[in-house]
Amino acid sequence: MTEAQSMAPLASPGNSPMVQFRNVSKSYASGQPAVHDLNLEIDRGAITVFVGPSGCGKTTSLRMINRMVEPTQGTVLVDGQDVSEQPAAALRRSMGYVLQSSGLLPHRSVLDNIATVPRLNGVPRRQARIRAEELLAVVGLSPALGKRYPAQLSGGQQQRVGVARALAADPPILLMDEPFSAVDPVVRAELQQELLRLQQELAKTIVFVTHDIDEATVIGDKVAVFATGGRLAQYAPPEELLRAPVDDFVAGFVGRDRGFRSLSFASARNLPLQPAVTATAGTLASAPAEGWLLITDDGGAPLGWLPPGQRTSAAVVTGGSLFTVGSSLRQALDAALSSPSGQGVAVDAAGKVAGLVDAGEVLQRLDAERRG
Amino acid sequence: MDWFLANLPFVLELSGHHLYQSVLPLVLGLLISVPLGYLAWRMPMVRGVILSASSVLYTIPSLALFVILPVILGTRILDPANLIVALTVYAVALLVRSVVDALESIDDGVRQAAVAMGYRPLRRFFAVDLPLAVPVLFAGLRVVSVSNISLASVGALIGIRNLGVLFTDGLLRHFLTEIVVGIVMTLVLALLMDFVLVGMEHLLTPWNRHRKAGRKQRTATSGPGNHGSGDSAGTARRPDAAETAVLHESL
Numbered sequence: 068m069t070e071a072q073s074m075a076p077l078a079s080p081g082n083s084p085m086v087q088f089r090n091v092s093k094s095y096a097s098g099q100p101a102v103h104d105l106n107l108e109i110d111r112g113a114i115t116v117f118v119g120p121s122g123c124g125k126t127t128s129l130r131m132i133n134r135m136v137e138p139t140q141g142t143v144l145v146d147g148q149d150v151s152e153q154p155a156a157a158l159r160r161s162m163g164y165v166l167q168s169s170g171l172l173p174h175r176s177v178l179d180n181i182a183t184v185p186r187l188n189g190v191p192r193r194q195a196r197i198r199a200e201e202l203l204a205v206v207g208l209s210p211a212l213g214k215r216y217p218a219q220l221s222g223g224q225q226q227r228v229g230v231a232r233a234l235a236a237d238p239p240i241l242l243m244d245e246p247f248s249a250v251d252p253v254v255r256a257e258l259q260q261e262l263l264r265l266q267q268e269l270a271k272t273i274v275f276v277t278h279d280i281d282e283a284t285v286i287g288d289k290v291a292v293f294a295t296g297g298r299l300a301q302y303a304p305p306e307e308l309l310r311a312p313v314d315d316f317v318a319g320f321v322g323r324d325r326g327f328r329s330l331s332f333a334s335a336r337n338l339p340l341q342p343a344v345t346a347t348a349g350t351l352a353s354a355p356a357e358g359w360l361l362i363t364d365d366g367g368a369p370l371g372w373l374p375p376g377q378r379t380s381a382a383v384v385t386g387g388s389l390f391t392v393g394s395s396l397r398q399a400l401d402a403a404l405s406s407p408s409g410q411g412v413a414v415d416a417a418g419k420v421a422g423l424v425d426a427g428e429v430l431q432r433l434d435a436e437r438r439g
Numbered sequence: 544m545d546w547f548l549a550n551l552p553f554v555l556e557l558s559g560h561h562l563y564q565s566v567l568p569l570v571l572g573l574l575i576s577v578p579l580g581y582l583a584w585r586m587p588m589v590r591g592v593i594l595s596a597s598s599v600l601y602t603i604p605s606l607a608l609f610v611i612l613p614v615i616l617g618t619r620i621l622d623p624a625n626l627i628v629a630l631t632v633y634a635v636a637l638l639v640r641s642v643v644d645a646l647e648s649i650d651d652g653v654r655q656a657a658v659a660m661g662y663r664p665l666r667r668f669f670a671v672d673l674p675l676a677v678p679v680l681f682a683g684l685r686v687v688s689v690s691n692i693s694l695a696s697v698g699a700l701i702g703i704r705n706l707g708v709l710f711t712d713g714l715l716r717h718f719l720t721e722i723v724v725g726i727v728m729t730l731v732l733a734l735l736m737d738f739v740l741v742g743m744e745h746l747l748t749p750w751n752r753h754r755k756a757g758r759k760q761r762t763a764t765s766g767p768g769n770h771g772s773g774d775s776a777g778t779a780r781r782p783d784a785a786e787t788a789v790l791h792e793s794l
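Residue numbers (our numbering), protein chains in the order written: chain A, 68 to 439; chain B, 544 to 794.
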C-alpha cells in the first residue's frame, strides 16, 4: 500500500464528492462521441439524476462508474479512487445496480434474487436469505412473495425487488438505470415516492438515469441535463433548472409548462385558507341552498361538490385534486384549477377538509414572494 | 408375439446395449458441445468456423465413419467404442448449434444485470447463462437423442450388438417378426428417452413452469373477452395471433 492510498480515503471528509468524472470521454468505433469531456462531481448522500434525450450518453456515463463501460479518455473516481485500478467484479459488488425492467434473474426466486450479491460475497445462504426477507419489508412487499419467481410478480413489484436486490449488500452507492420507465404512470409515481422515503432513511449516494424530466425534478437533489453528442448542458438543483435554464436546449428539454412545474418547489406554508361550508349526506336537508356545497363523509374527508341549487346526493360532482396543507404551491394551484367549484379543497395530513384555497390567492402569494 | 416372448431376454439385452450406445454419446456430445458452443457464442471470429465445421461433420455418411474410425482411433473393427465415438461426433455436430441458439435465447437485460451485480464470467456462465439456456438446449437434446437411437442401429452392419442386429438377422432369414420387434423396440427406446428428457427439463426449470402457467391463464382470460365483446371476427382474431407470436418466441 502506498502512502497516498493509505491517507486519502481515511482522511476524506464526509462532504467530499462520492463520484467524480474528470475530463471523461467515450467514443465508439463509429466515431460518434457517446460522452464528450464530462466533468462532474456527485454529492455524497444525495440523489443525482442524469437526464436527457436518448443517445445523449447518460446511461454510458452511469455505466462508467461501475466499469460496465470503460472511458476512452479521462478518469472516474469513486471515493477518491480511480475505478480503472479496481477489479471490476469487486467494484460492481460494492455498488447497488437497478435496471430498467428490473433485470431480475428469471430462474431464481425473489428471495434468492435479493440475496445475489451477498451470496457472491460469500455470505452463507441462510444468513443471506434472512437479510433478503428483511429487505422485502423495507421495499414494502409481503414476505409471502419471497418464494415466487419474478414472472409471477407485477411490473411494480419486480421493480421493488430490483431495489431490494440493489440494497442487499448495503452499498454506499446505488446506480439506477431508468428503473421506473417500464411501469405505468400511477405505479411510477408510487415508486418515486417510495424511493424518496427510502432515501430519507438510508441516505445513499444515488445516481439515477431517466429520460423523463418530470421524474428528474421530482426525485433529484441535483439534475445533470445531457445534450445530444454526450455534452453536459447544465448541472443544477431542479428548481434552478426550471427557473433559469442555461441555454435553448435545456429550456426546450425542460418543457413548455416549466413555470407551472417550478411551483412544486415553492412552499405553500401559511397559505391563507377560506372556511369551507360542508355537509354530509345526513345533513343535506339543513344545508344552505346558495352556491357550491362541499360534501364530506362522516369523518370529514371530502367526497365531492354539489352545484348551486341542487341538494340531492345524486347530483354530487366528483373530481378536483386535493391540496395537502403545507405542501407546494403547485398542488394548491392545481387543486383550485381542477375543482368544479373553482375553489380547491385543502386537507390536513389525516385527509380531513381543512378549508378552501383560491387560485387568485396562490398567484398573489407567488407575486409577494417575488417582490420580497 | 410368441417369438418376442420366447426371445425376451435376448431382445432386452440388445435393448440395453442399444440404450447404452446411444445415451453415452449424448452425454459426451453435450459435454463437448457446451464449451465449443460457449466459445462460438463469445467469439464471433471463431463462430463461423465452429458452426460450419459442425455442419460438415454431420454430412459424413454414418457407415463410412464407422469404417474409418478404427483406422483413426486404432481400435478393433468390432469395438463398440467406434459406434460411440461416431455417434458422439454426430451429437456434437447437432448440439453445438443448439448450445449457441440456447445461449442467444437469453434476455440481454438479464445478462447485463448479472454483470452489473459483479458476477465473474465463469460463475455467471454456470449460475445464470447455463440454467437459462436449458429450455432451448433440451429441445436440441431431444432431437439428438432420437437421431442417436435410430443411427445406432446402423452399427449392426459392422457387427456391433444392439437392436440393429434384429434388422440384419431378420433380413438374412426373411423373418418379418424379428424386424418388426426391432422397429417397435427402437420406437419404445426413443419414446422412453424423450420422456426422460422432458422430465429432466421439467425438474431443471421450475421457474419456466410458472411462466408458462401465467401465459396460459392470460390466453384463457383473453378468449372469452373476445367473444363477449361482440366485435367483428377480424378484430377478435388479432389478439389470438399476438398470443401465438408470444408462444413462438418462448419456443
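Just so it is clear, CB atoms sit at the ideal spot from N, CA and C, and this is done for glycine as well. These figures come from a predicted structure and were not determined experimentally.
Of the listed residues the options, nearest to residue i (C-alpha basis)
| i | options | result |
| --- | --- | --- |
| valine 414 of chain A | A:Thr345, A:Leu430 and A:Met162 | A:Thr345 |
| valine 86 of chain A | A:Asp149, A:Lys125, A:Gly122 and A:Pro100 | A:Asp149 |
| threonine 385 of chain A | A:Gly409, A:Ala113 and A:Ile114 | A:Gly409 |
| aspartate 104 of chain A | A:Asp365, A:Glu261, A:Gly207 and A:Val143 | A:Val143 |
| alanine 670 of chain B | B:Leu579, B:Leu637, B:Ala657 and B:Val679 | B:Ala657 |
| glycine 702 of chain B | B:Val689, B:Thr748 and B:Leu557 | B:Leu557 |
| isoleucine 611 of chain B | B:Ala629, B:Ser595, B:Phe547 and B:Gly652 | B:Ala629 |
| asparagine 705 of chain B | B:Gly713, B:Leu714 and B:Ala695 | B:Ala695 |
| alanine 402 of chain A | A:Leu389, A:Ser394 and A:Ser395 | A:Leu389 |
| leucine 675 of chain B | B:Leu621, B:Asp651 and B:Ser688 | B:Asp651 |
| phenylalanine 327 of chain A | A:Leu430, A:Arg186 and A:Val274 | A:Leu430 |
| glycine 371 of chain A | A:Asp365, A:Gly387 and A:Gln377 | A:Gly387 |
| valine 313 of chain A | A:Gln301, A:Gly322, A:Val383 and A:Gly427 | A:Gln301 |
| asparagine 133 of chain A | A:Ala96, A:Pro238 and A:Leu360 | A:Pro238 |
| glutamate 306 of chain A | A:Ile280, A:Arg298, A:Ala348 and A:Gly297 | A:Ile280 |
| lysine 419 of chain A | A:Arg437, A:Gln225 and A:Gly366 | A:Gly366 |
| phenylalanine 316 of chain A | A:Asp324, A:Pro304, A:Ser329 and A:Leu299 | A:Leu299 |
Expected contact under 8 Å - CB spacing of residue i and residue j to nearest Å
| i | j | result |
| --- | --- | --- |
| leucine 263 of chain A | isoleucine 286 of chain A | 7 Å |
| leucine 400 of chain A | serine 380 of chain A | At roughly 29 Å, the Cβ-Cβ gap does not stay under 8 Å, so leucine 400 of chain A and serine 380 of chain A are not in contact. |
| glutamine 140 of chain A | asparagine 106 of chain A | Glutamine 140 of chain A to asparagine 106 of chain A, Cβ: 12 Å. No contact. |
| leucine 188 of chain A | arginine 232 of chain A | The displayed chain sequence assigns asparagine, not leucine, to residue 188 of chain A. Going by Cβ atoms, the distance from asparagine 188 of chain A to arginine 232 of chain A rounds to 13 Å, so no, they are not a contact pair. |
| alanine 678 of chain B | threonine 748 of chain B | The question names alanine, yet the displayed sequence has proline at residue 678 of chain B. Right, their Cβ atoms sit about 6 Å apart. |
| aspartate 737 of chain B | arginine 667 of chain B | Not quite, the Cβ-Cβ distance comes to about 31 Å (not below 8 Å), so this is no contact. |
| threonine 277 of chain A | glutamate 245 of chain A | 6 Å |
| isoleucine 109 of chain A | threonine 272 of chain A | 7 Å |
| threonine 289 of chain A | threonine 115 of chain A | Looking at the sequence itself, residue 289 of chain A is lysine, so the reference to threonine does not match. Yes, lysine 289 of chain A and threonine 115 of chain A are in contact; Cβ-Cβ is about 5 Å, under 8 Å. |
| alanine 270 of chain A | glycine 112 of chain A | 5 Å |
| alanine 335 of chain A | serine 406 of chain A | Actually they do not touch by this definition, with Cβ atoms about 16 Å apart. |
| glycine 223 of chain A | leucine 258 of chain A | 6 Å |
One or two residues paired with residue i in a DSSP bridge
| i | result |
| --- | --- |
| isoleucine 197 of chain A | None, per the DSSP bridge assignment. |
| valine 290 of chain A | A:Val116 and A:Ala303 |
| phenylalanine 390 of chain A | A:Ala413 |
| glutamine 148 of chain A | A:Val145 |
| serine 94 of chain A | A:Pro100 |
| isoleucine 362 of chain A | A:Ala346 and A:Gly371 |
| glutamate 108 of chain A | A:Gln87 |
| serine 334 of chain A | A:Ser395 |
| glutamine 140 of chain A | A:Ser92 |
| leucine 308 of chain A | Beta-bridge pairing links leucine 308 of chain A to no other residue. |
| valine 429 of chain A | Looking at the DSSP assignment, valine 429 of chain A forms no beta bridge with any residue, so it has no partner. |
| valine 420 of chain A | A:Val414 |
Sub-8 Å separation of residue i and residue j beta-carbons
| i | j | result |
| --- | --- | --- |
| valine 177 of chain A | proline 217 of chain A | yes |
| threonine 127 of chain A | alanine 101 of chain A | yes |
| glutamine 655 of chain B | glycine 170 of chain A | yes |
| glutamate 200 of chain A | glycine 213 of chain A | yes |
| alanine 636 of chain B | leucine 600 of chain B | yes |
| arginine 227 of chain A | serine 331 of chain A | no |
| valine 424 of chain A | proline 369 of chain A | no |
| alanine 333 of chain A | leucine 433 of chain A | yes |
| leucine 638 of chain B | glycine 572 of chain B | yes |
| alanine 283 of chain A | valine 118 of chain A | yes |
| leucine 732 of chain B | leucine 621 of chain B | no |
| serine 168 of chain A | alanine 249 of chain A | yes |
| arginine 186 of chain A | arginine 192 of chain A | yes |
| leucine 626 of chain B | tyrosine 581 of chain B | no |
inquiry  = Give the list of continuous beta strand (DSSP E) stretches no shorter than 3 residues that lie fully inside the segment 667-722 of chain B.
reply    = none
request  = For the segment 153-211 of chain A, list the alpha helix (DSSP H) runs that are entirely contained and at least 4 residues long, ordered along the chain.
outcome  = Complete alpha helix (DSSP H) runs here, min 4: 155-160, 177-181, 183-187 and 192-205.
task = Identify every run of the alpha helix (DSSP H) within the segment 233-282 of chain A, keeping only runs that are complete inside it and at least 4 residues long; order them along the chain.
result = 252-269
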